[in-house]
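Engineer: If you scroll down you'll find the structure; I have some questions about it.
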Amino acid sequence: MVYLAVLSVLVATLLLGIYAYRHPAHSRPPSIIPASPSLHKEDDIIPVSVNYFFTRKCNAECKFCFHTEKSSDTLELEDAQKGLRLLAEAGMKKINFAGGEPFLYHKYLGNLCRYCKEDLGLESVSIVSNGTKVTRKWLEEYGSAVDILAISCDSTNSKTNEDIGRKDRGSGKAFDNVQNLFQIKEWCQQYGIRFKLNTVVCSLNWQESMAEMVEKLDPFRWKVFQVLVVVGENENTERERDATKFVITDAQFEDFCSRHRHLKCMIPEPNKAMKSSYLLIDEYMRFLDKGDGDEKVSDPIIKVGVQKAIKQVRWDQEEFHNRGGVYDWNSAAEKTNSCGGVSGDKKLEW
């Protein structure tokens, strides 16, 4: 009996040692327990999925941009983390970092991703980027904290992309947007990140077919947006961007979507589905409401708290769910070829 007791202690010690080796301090269990309904008041609004536009700065000059460079401010990292912690405590499960171009602040972005995944224990951390500043080195360092990487591409035609404004703001040189997509998709496969594609349909591309490229890229989701005009951002020539030149009718948007409807990964979002169905936070940690044509802002959540701030704007929770706002958004989810494209083991070519 004594022998068995000693043996049990030795085995337990060995197992603990193996666990400690495989789970170092930096991968400790999350310090924030996912919020449950019992922790909230009956009238609380749960910010399940949040889009954080932590910068307005961008290296591109897309002419229909609805979140323009009206400021160059970015919160100190500690303040941004404080705001994210408040959101997690209020029930946030998914965070999406956007801009501007978030990879202009590559270390800041990496630190935020790690904080959300490792310290707050969020189910999903995603990024939306134009792809021009994404590097393999960054993905090697921070990719384990990223579930989804979404890259914007509006056309397979280089001239159309250039006319839309997919070019360097400083040099005016057009981005090699399409070829870059395939490189980033390969990196995502290597580092276990789910690859997503975003396209804005406007007057310059609504007659185009992107089916061949999308099938080869095989994103797990392809979000197709109808170009949006937001008062205070891009509604006339007095603004930094004038999206009115790129507006299309609902019928034109539907024409583009019907041309690609055989692609199961396509998720169309007309203007009516987009308005007020997203929880947006700006560079000052204020909720934004771009839904009724005119942009509204809340007080900063790091000053007044999440519940007071979120109730100062309109968030259409019903439309959020109707457009598929909650989905299988973790990188550990089963990866299927939603668009019928190439398998993950085959080299991507374009």
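In case it helps, mature numbering (1 follows the signal peptide of the UniProt record, and there is no 0) puts the sequence shown at residues -20 to -1, 1 to 330. We put the beta carbon where it would ideally sit given N, CA and C, even for glycine.
From N185 to N110, what does the alpha carbon distance come to, in whole angstroms?
Structural biologist: As a working mapping, residue 185 is identified with position 205 in the sequence shown. As a working mapping, residue 110 is identified with position 130 in the sequence shown. Answer to the nearest angstrom: the Cα atoms are 17 Å apart.
Engineer: Rounded to whole angstroms, what's the CA-CA distance from D23 to Q163? Just pull it up for me.
Structural biologist: By one-based count along the sequence shown, residue 23 stands at place 43. By one-based count along the sequence shown, residue 163 stands at place 183. Spanning the two alpha carbons is a distance of roughly 46 Å.
Engineer: According to DSSP, which residues form a beta bridge with W202?
Structural biologist: Indexing the sequence shown from 1 puts residue 202 at position 222. Note: W202 sits in a beta bridge opposite L177 and M246.
Engineer: Going by C-alpha to C-alpha distance, which of T115, F200, F77 and G71 sits closest to G101?
Structural biologist: One-based indexing of the sequence shown puts residue 101 at position 121. Considering only alpha carbons, the answer is G71.
Engineer: If you reduce the DSSP assignment to three classes, tell me which class N141 lands in.
Structural biologist: If you number the sequence shown from 1, residue 141 lands on position 161. N141 falls in the helix class under three-state DSSP.
Engineer: Whose C-beta lies closer than 6 Å to the C-beta of N178 among residues of the same chain, with five residues either side of it excluded?
Structural biologist: Here residue 178 is taken as the residue at index 198 of the sequence shown, counted from 1. Hits under 6 Å: A130, S132 and K203.
Engineer: Output needed for R116: all residues of its chain with C-beta closer than 6 Å, excluding positions within five of it in sequence on either side, in chain order.
Structural biologist: Here residue 116 is taken as the residue at index 136 of the sequence shown, counted from 1. Result list for R116: W167, in chain order.
Engineer: Pick from E121, Q297 and D262: whose alpha carbon is nearest that of D53?
Structural biologist: The residue given as residue 53 occupies position 73 in the sequence shown. Comparing Cα positions, the closest option is D262.
Engineer: Taking the CB atoms as reference points, tell me whether E103 and C38 lie closer together than 8 Å.
Structural biologist: Translated into positions along the sequence shown, residue 103 becomes position 123. Translated into positions along the sequence shown, residue 38 becomes position 58. In this structure, C38 does not lie closer than 8 Å to E103 by Cβ.
Engineer: Have a look at S135 and F205 and give me their C-alpha separation to the nearest angstrom.
Structural biologist: Counted from its first residue, the sequence shown places residue 135 at position 155. Counted from its first residue, the sequence shown places residue 205 at position 225. Taking the straight line from one Cα to the other gives about 13 Å.
Engineer: Please classify R241: is it buried, with 16 or more other beta-carbons within 10 angstroms of its beta-carbon, or exposed?
Structural biologist: As a first step, residue 241 must be located in the sequence shown, where it is residue number 261. Label assigned to R241: exposed.
Engineer: Since D235 is in the alpha helix (DSSP H), which residue starts that stretch and which ends it?
Structural biologist: Within the sequence shown, numbered from 1, the residue matching residue 235 stands at position 255. Taken as a continuous stretch (DSSP letters only), the alpha helix (DSSP H) holding D235 covers D230 to R239.
Engineer: Look at F34 and L57 and say whether their C-beta atoms are less than 8 Å apart.
Structural biologist: Translated into positions along the sequence shown, residue 34 becomes position 54. Translated into positions along the sequence shown, residue 57 becomes position 77. Cβ atoms of F34 and L57: not closer than 8 Å.
Engineer: For F33, list the residues DSSP reports as bridge partners.
Structural biologist: Taking the sequence shown and counting its residues from 1, one reaches residue 33 at position 53. According to DSSP, which records beta bridges pairwise, F33 is partnered with A78.
Engineer: Hey, how far is the Cα of Q159 from the Cα of M246?
Structural biologist: As a working note, residue 159 is residue 179 in the sequence shown. As a working note, residue 246 is residue 266 in the sequence shown. Computed Cα separation, rounded: 20 Å.
Engineer: With a threshold of 16 other CB atoms inside 10 Å of the CB of S238, please say whether the residue is buried or exposed.
Structural biologist: The residue you call residue 238 lines up with position 258 of the sequence shown. The residue in question, S238, is exposed, as its Cβ has fewer than 16 Cβ neighbours within 10 Å.
Engineer: Rounded to a whole number of angstroms, what is the C-alpha to C-alpha distance between C93 and A68?
Structural biologist: Locating residue 93 in the sequence shown gives position 113, where the first residue counts as 1. Locating residue 68 in the sequence shown gives position 88, where the first residue counts as 1. So the alpha carbons of these two residues sit roughly 13 Å apart.
Engineer: Between the C-alpha atoms of K244 and D198, what's the straight-line distance to the nearest angstrom?
Structural biologist: In the sequence shown, counting from the first residue as 1, residue 244 sits at position 264. In the sequence shown, counting from the first residue as 1, residue 198 sits at position 218. The straight-line gap from Cα to Cα measures roughly 10 Å.
Engineer: For L(-7), does the three-state DSSP call read helix, strand or coil?
Structural biologist: Within the sequence shown, numbered from 1, the residue matching residue -7 stands at position 14. The pLDDT assigned to L(-7) is 46, lower than 50, so where the model puts this residue is not dependable; a value taken from the coordinates is nonetheless given after this. L(-7): helix per DSSP, three-state reduction.
Engineer: For D296, which residues in the same chain have their Cβ closer than 6 Å to its Cβ, ignoring the five residues on either side in sequence?
Structural biologist: Here residue 296 refers to the residue found at position 316 when the sequence shown is read from its first residue. Only S256 and S257 meet the Cβ criterion.
Engineer: Checking the sheet assignment: what are the DSSP bridge partners for D148?
Structural biologist: Within the sequence shown, residue 148 is the residue found at index 168, counting from 1. For D148, which the question treats as bridged, DSSP gives the partners A40.
Engineer: So, is S189 buried or exposed, given that buried needs 16 or more other C-beta atoms within 10 angstroms?
Structural biologist: What you label residue 189 is simply residue 209 of the sequence shown in a count that begins at 1. Its Cβ having fewer than 16 others within 10 Å, S189 is exposed.
Engineer: Does DSSP put residue 376 in a helix, a strand or coil?
Structural biologist: Absent from the structure is residue 376, since the part of the chain shown begins at -20 and ends at 330.
Engineer: Identify the residues that DSSP records as bridge partners of L129: which are they?
Structural biologist: Along the sequence shown, read from residue 1 onward, the residue named residue 129 stands at position 149. The partner list for L129 (beta bridge, DSSP) reads I107 and F175.
Engineer: Where does F267 sit, in a helix, a strand or coil, going by DSSP?
Structural biologist: For this step, residue 267 is matched to residue 287 along the sequence shown. Note: F267 maps to strand in three-state DSSP.
Engineer: Would you identify the three-state DSSP class for D23, choosing helix, strand or coil?
Structural biologist: Counting from one through the sequence shown, the residue named residue 23 turns up at place 43. DSSP places D23 in coil when its eight states are reduced to three.
Engineer: Buried or exposed for D307, please, with buried defined as at least 16 other CB atoms from any protein chain shown within 10 angstroms of its CB.
Structural biologist: Numbered from 1 along the sequence shown, position 327 holds the residue referred to as residue 307. Note that residue 307 is Tyr in the sequence shown here, rather than Asp. Exposed, because fewer than 16 other Cβ atoms sit within 10 Å of the Cβ of Y307.
Engineer: Quick one: Cα of S18 to Cα of Q287, how far?
Structural biologist: Taking the first residue of the sequence shown as 1, we reach residue 18 at position 38. Taking the first residue of the sequence shown as 1, we reach residue 287 at position 307. Any answer about S18 is weak, because its pLDDT of 46 lies below 50 and its placement is not dependable; what the coordinates show is given next. Using only the alpha carbons, I get a separation of about 16 Å.
Engineer: Relative to the C-alpha of P280, which residue among E249, Y32, V207 and I26 is closest?
Structural biologist: The sequence position of residue 280 within the sequence shown is 300, counting from 1. Looking at the Cα atoms, Y32 is the closest of the given residues.
Engineer: Buried or exposed: which applies to S29, given that a residue is buried once 16 or more other Cβ atoms fall within 10 Å of its Cβ?
Structural biologist: Stepping through the sequence shown from its first residue, residue 29 is reached at position 49. So S29 ends up on the buried side.
Engineer: Who are the Cβ neighbours of V194 in its own chain at under 8 Å, not counting the five residues just before and after it?
Structural biologist: Within the sequence shown, numbered from 1, the residue matching residue 194 stands at position 214. Within the same chain, V194 has close Cβ partners L177, W202, H240, L243, C245, M246, C319 and G321.
Engineer: Using the beta-carbon count (16 or more within 10 Å), is D148 buried or exposed?
Structural biologist: On the sequence shown, residue 148 is found 168 positions in, with the first residue counted as 1. Exposed, because fewer than 16 other Cβ atoms sit within 10 Å of the Cβ of D148.
Engineer: Which term fits G304, buried or exposed, when burial requires 16 or more other beta carbons within 10 angstroms of its beta carbon?
Structural biologist: Numbered from 1 along the sequence shown, position 324 holds the residue referred to as residue 304. Under this definition G304 is an exposed residue.
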